[in-house]
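One structure is given here, and the rest of the page talks about it.
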Amino acid sequence: MSDYNHFYNKSIENPIDFWREQSEQIEWYSRPETIVSKDANGYPLWFEDGQLNMCYLALDKHIQDGHGDQVAFIYDSPVTQSIKKYTYQEVKTEVAKLAGGLLSLGFKKGDTAIIYMPMIPQTAFAMLACARIGMIHSVVFGGFAPHELAIRIDDCKPKVLLTASSGIEIDRLIAYKPLVDEAIALASHQPDHVIVFNRKLGARVPFKKYDVDYEALVYGSEETNCVAVASNHPLYILYTSGTTGKPKGIVRDTGGYAVALQFSMRYIYDVQPEETFWAASDMGWAVGHSYILYGPLINRNTTVIFEGKPIKTPDASTFWRVISEHKVGTMFTAPTAIRAIKKEDPDGLFIKKYDLSCLRNQFLAGERCDSATIAWFQKHIPIPVIDHWWQTESGWPMVANSLGLGNTTLKTGAGGKAVCGYDIRIFNEEGMVLGDGEEGFVVVKLPLPPGNLLGLWENETRFQNSYFSRFEGYYLSGDGGFKDKDGYVYITGRVDDLINVAGHRLSTAEMEEIVATHSAVAECAVIGVHDDLKGQVPLALVVLKAGETIAQFQLEYEIVQKVRAKIGAVASLRNVIVVQRLPKTRSGKILRKLLRSIADGEVIQIPSTIDDVTIIAEITADFKVYEGGK
Ligand code: COA
Ligand code: AMP
12 MSDYNHFYNK SIENPIDFWR EQSEQIEWYS RPETIVSKDA NGYPLWFEDG
62 QLNMCYLALD KHIQDGHGDQ VAFIYDSPVT QSIKKYTYQE VKTEVAKLAG
112 GLLSLGFKKG DTAIIYMPMI PQTAFAMLAC ARIGMIHSVV FGGFAPHELA
162 IRIDDCKPKV LLTASSGIEI DRLIAYKPLV DEAIALASHQ PDHVIVFNRK
212 LGARVPFKKY DVDYEALVYG SEETNCVAVA SNHPLYILYT SGTTGKPKGI
262 VRDTGGYAVA LQFSMRYIYD VQPEETFWAA SDMGWAVGHS YILYGPLINR
312 NTTVIFEGKP IKTPDASTFW RVISEHKVGT MFTAPTAIRA IKKEDPDGLF
362 IKKYDLSCLR NQFLAGERCD SATIAWFQKH IPIPVIDHWW QTESGWPMVA
412 NSLGLGNTTL KTGAGGKAVC GYDIRIFNEE GMVLGDGEEG FVVVKLPLPP
462 GNLLGLWENE TRFQNSYFSR FEGYYLSGDG GFKDKDGYVY ITGRVDDLIN
512 VAGHRLSTAE MEEIVATHSA VAECAVIGVH DDLKGQVPLA LVVLKAGETI
562 AQFQLEYEIV QKVRAKIGAV ASLRNVIVVQ RLPKTRSGKI LRKLLRSIAD
612 GEVIQIPSTI DDVTIIAEIT ADFKVYEGGK
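So the sequence shown is numbered by my numbering: it starts at 12 and just counts up by one.
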């Protein structure tokens, strides 16, 4: 039996022994006796009586083991044209002082902190400093606007907010501090302090009474030690889009997450300590938390904190420069990044300029990867390109080729096989298991393995309703897909109204709420349509109020600006089509799937529940008028 089969079968048949053995791979202050227990709703809690500290595992342990001089972070910033390396010892000193500074300001274990920062080492220092003293961090992606930040402030009620003076987006400086001040003004909850790291790049940094200077705080503080926290103490809250306008605060535990990350670094990514591992994502996403920061550090790797884009910083050669310069062994990015490079450098001319012999494996996730992109990559860099599937909720891969367990046979289009601990099934509408090749809902039989979400921040009802009420005893992933006869899982896309834009998960419901506030709009729908670069982009369809005479281009401009102002530029809404009516079911539900098929030019399956079938021709004509005008 292969290692993969042996491990996988054991993880499903005897999860207690399996995860006990894996829990022994990390260091605990107090080793857990209870491997899995259940909360009041029967949801699994891992290693309940274990005590540990994530920052200790990430930093102090390696220093104690004699590896303090190993490089922990390589900060590579093409946008500021700088590269800086930090050893484990240097990171620990800075983090321990910052943690001491947080204590001196009166913050304590269990308090929440929002981190709204660009891709700089100070973001990682802030996360680790919180973990060190048991504060719960919530990193908010810098591409979100003040309104989104305010929603998160009101939800997790941070005692403190950490920010930097600015971020850099290809060709523009984004001053963060005015955005933070605006968010605090919008929010009902008020943090005690805002800690500001001034990058001195020329951005405006308005001073408020609640401000504390990051550098002065670190300079003036004593180092503090790690505190022991219970395994189920929340390490962080990470907001992600849900199917309503309000984001979901995914809560991650400490012990289960540490065990799962250690397992994944070794058995999925097959990475040895000391190697350089690079996840080209943002700290504001799940990939950033798990595979820029905590996973590589727990595994004593050197991790790259990259402040740039795959293209235009300065060109499509950047990724290859970083890989060859820092000897990256394993890389992880979203397919959209490879598509962007392919578009700028179709013949891979930049690739030929660099020695990429260090690169062993290229992992992709965040959205479905098309086979043309994989083929292009392999033509120019003949190494395994491994698609794998996971979500903010899971925190680590659910479907992958587990390279460290010898599961190296790749199938194009598949995300790989179920990862240890995940009993993945494909269900039809009624919850019956479907056969090989039949597409349905991708669900996971409970208990979910360690590392998965502990809940939604202070919202048990939404937690139950979102994931467990549809099929009792199973976690609903929200994705559709199928399995083949060999157990490979193919993810075909979301079955709900979430969309994936350049690997960023966004809610169309949230955009609809904003579009609907435009004074000319009577009714609207926002759908995700195919985009060659970003995979999907949002498209708004609006019905105007009777007698409304606003010009189409004016309406489009105003709606686009509204969405940018409320959600942020990352929403990428650029197109607004005026339609006479929206297709609905007889009970009044908008038929979004039908709209997507029309927009993408697919064969249209007429839903049996449609109220008026003539609308299909009408909407198709509206699309033609719009495209003709562009
Ligand atoms: N702060 C402020 N603004 C941000 C931002 C941030 N951290 N991140 C993105 N934005 C802005 C961009 O500047 C852009 O603004 P614009 O509309 O004024 O040009 C907008 O949000 C959309 O950004 P993005 O979707 O990233 O598009 P892009 O055209 O700038 O870049 C790619 C396209 C493909 C190069 C880029 O999306 C990319 O590198 N994607 C990798 C995917 C990834 O890391 N996913 C994470 C999950 S693995
Ligand atoms: P996020 O929570 O932002 O990581 O987004 C998770 C969603 O991204 C999943 O539910 C999928 O819809 C999509 N996704 C992630 N990885 C893949 C993949 N390898 N193939 C297809 N879709 C993916």
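Where is the CB? At the ideal position from N, CA and C, for every residue including glycine.
Asked: Cβ of Lys428 within 6 Å of any heavy atom in ligand 1?; Found: no
Asked: For the beta strand (DSSP E) holding Leu375, just list the boundary residues, first then last.; Found: Asn372 to Leu375
Asked: Give me the Cα-Cα distance between Ile125 and Asp224, rounded to the nearest whole angstrom.; Found: 16 Å
Asked: What's the gap between the Cα of Cys380 and the Cα of Gly424?; Found: 7 Å
Asked: Out of Pro132, Leu228, Phe136 and Ala142, point me to the one whose CA is closest to Asp122's CA.; Found: Ala142
Asked: Report all residues from its chain with a CB closer than 7 Å to the CB of Phe482; omit the five preceding and five following residues, and keep chain order.; Found: Phe438, Gly442 and Val454
Asked: In terms of residues, what are the limits of the beta strand (DSSP E) holding Pro284?; Found: Element bounds for Pro284: n/a, residue is neither H nor E.
Asked: Any heavy atom of ligand 2 inside 6 Å of the beta-carbon of Glu378?; Found: yes
Asked: Closest to Ile334 by C-alpha separation, out of Tyr478, Trp289 and Tyr221, would be which residue?; Found: Trp289
Asked: Whole angstroms are fine: how far does the CA of Ala271 sit from the CA of Lys95?; Found: 30 Å
Asked: So, Glu234 versus Ala327, is the Cβ gap smaller than 7 Å?; Found: no
Asked: Could you tell me if the beta carbon of Arg505 falls within a distance shorter than 6 Å of some heavy atom in ligand 2?; Found: yes
Asked: Just to confirm, are Gln547 and Ile510 a CB contact at a threshold of 7 Å?; Found: yes
Asked: So the candidates are Tyr187, Glu440, His244 and Leu139; which of them puts its Cα closest to the Cα of Phe218?; Found: Tyr187
Asked: With DSSP as the reference, label Val4 as helix, strand or coil.; Found: Here the chain comprises residues numbered 12 to 641, so residue 4 is not present and cannot be evaluated.
Asked: Using a Cβ-Cβ cutoff of less than 7 Å, which residues in the same chain neighbour Gly178 once the five nearest sequence positions on both sides are dropped?; Found: Pro129, Gly153, Ile185 and Tyr187
Asked: Give a yes or no on whether the C-beta atoms belonging to Tyr99 and Ala110 are separated by under 7 Å.; Found: no
Asked: Return yes when the Cβ of Met342 is within less than 7 Å of the Cβ of Gln373, no when it is not.; Found: yes
Asked: Could you give the distance in angstroms between the alpha-carbon of His200 and the alpha-carbon of Trp401?; Found: 33 Å
Asked: Give me, in chain order, the residues of the same chain whose beta-carbon lies closer than 6 Å to that of Ser48; leave out the 5 immediate sequence neighbours on both sides.; Found: Leu56 and Glu59
Asked: Might you give, ordered along the chain, the residues of its own chain that have their beta carbon closer than 7 Å to the beta carbon of Cys66, omitting 5 neighbours on each side?; Found: Val106, Leu139, Ala142, Arg143 and Cys237
Asked: Under 7 Å between the Cβ atoms of Gly579 and Ala156?; Found: yes
Asked: Please list the terminal residues of the continuous beta strand (DSSP E) segment that includes Ser488.; Found: Tyr485 to Lys494
Asked: Can you give me the C-alpha to C-alpha distance between Gln75 and Gly432, rounded to a whole angstrom?; Found: 32 Å
Asked: Should Gln616 go down as buried or exposed, given a rule of 16 or more other Cβ atoms within 10 Å for buried?; Found: exposed
Asked: Measure how close the beta-carbons of Trp331 and Tyr302 come, nearest whole angstrom, since I'm counting them as under 8 Å.; Found: About 20 Å separates the two Cβ atoms, so there is no contact after all.
Asked: In three-state DSSP terms, what is Ile322?; Found: coil
Asked: What I want to know is whether the C-beta of Trp407 ends up closer than 6 Å to one or more non-hydrogen atoms of ligand 2.; Found: no
Asked: Does ligand 1 have a heavy atom nearer than 6 Å to the CB of Val223?; Found: no
Asked: With H, G and I counted as helix, E and B as strand and the rest as coil, what does DSSP make of Gln36?; Found: coil
Asked: May I ask you to report which of helix, strand or coil DSSP gives Phe152?; Found: coil
Asked: Taking all protein chains shown into account, decide if Ala347 is buried (16 or more other Cβ within 10 angstroms of its Cβ) or exposed.; Found: Per the sequence presented here, residue 347 reads as Thr, with Ala not at that position. Buried.
Asked: Pick from Ile309, Leu304, Asp358 and Asn310: whose alpha carbon is nearest that of Phe317?; Found: Leu304
Asked: At 3 residues or longer, and completely inside the segment 387-414: list those beta strand (DSSP E) runs for me, N to C.; Found: 396-398
Asked: Just mark Arg658 as buried or exposed, buried being the case when its beta carbon has 16 or more other beta carbons within 10 Å.; Found: The first residue shown for the chain is 12 and the last is 641, placing residue 658 beyond what the model contains.
Asked: Grab me the residues of Ile621's own chain with a C-beta within less than 7 Å of its C-beta, minus the 5 sequence neighbours each way, in chain order.; Found: Pro594, Thr596 and Leu602
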